[in-house]
Amino acid sequence: MENVATYAELGKYLGAGLACIGMAGAAMGVGNVAGNYLAGALRNPSAAASQTATLFIGMAFAEALGIFSFLVALLLLFAA
Numbered sequence: 001m002e003n004v005a006t007y008a009e010l011g012k013y014l015g016a017g018l019a020c021i022g023m024a025g026a027a028m029g030v031g032n033v034a035g036n037y038l039a040g041a042l043r044n045p046s047a048a049a050s051q052t053a054t055l056f057i058g059m060a061f062a063e064a065l066g067i068f069s070f071l072v073a074l075l076l077l078f079a080a
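When you line the sequence shown up against full-length UniProt numbering, it's residues 1 to 80, in that order.
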C-alpha cells in the first residue's frame, strides 16, 4: 500500500512539472511579441506609438497563459 501512495505523489510532481512547461512557453511568447514589436518599430518609427497598446495586450494574453499553467501546477500539488 505504501507504493501506491509513493506513485501517487510521483504522479503529482510529474504533472506539476509538465504544467510548468506552459510557463516557459509563455516566456517565449512574451519575447516573441516584444521582439516583433521592436522589429516593426525600427522599420517604421512613426507608427510605433500607435501600436504600444497592442503590444501590451499581446503581452498580457501571453502572460495569462503562463499564469494559468502555474495555477494548474499549484492545483496538482496542493489540491486533495
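All residues carry an ideal CB built from backbone N, CA and C; glycine is no exception. Keep in mind that this is a model prediction, so the values were computed, not measured.
In whole angstroms, what is the alpha-carbon distance linking residue i and residue j?
i: Leu-38; j: Ala-8; result: 46 Å
i: Val-30; j: Glu-2; result: 43 Å
i: Phe-78; j: Gly-11; result: 13 Å
i: Tyr-13; j: Ala-41; result: 43 Å
i: Thr-54; j: Leu-75; result: 32 Å
i: Ser-69; j: Ala-60; result: 14 Å
i: Gly-51; j: Thr-6; result: Per the sequence presented here, residue 51 reads as Gln, with Gly not at that position. About 52 Å.
i: Ala-49; j: Met-23; result: 29 Å
i: Val-4; j: Gly-17; result: 20 Å
Using a threshold of 9 Å, state whether the C-beta atoms of residue i and residue j are closer than that.
i: Leu-65; j: Gly-15; result: no
i: Asn-32; j: Ala-62; result: yes
i: Ala-27; j: Val-72; result: no
Measure from the alpha carbon of residue i to the alpha carbon of each residue in the options, then state which is nearest.
i: Leu-57; options: Ala-34, Ala-47, Ser-46 and Arg-43; result: The sequence given here has Ile at residue 57, not Leu. Here the closest residue by C-alpha is Ala-34.
_Give the list of continuous beta strand (DSSP E) stretches no shorter than 3 residues that lie fully inside the segment 42-80._
none
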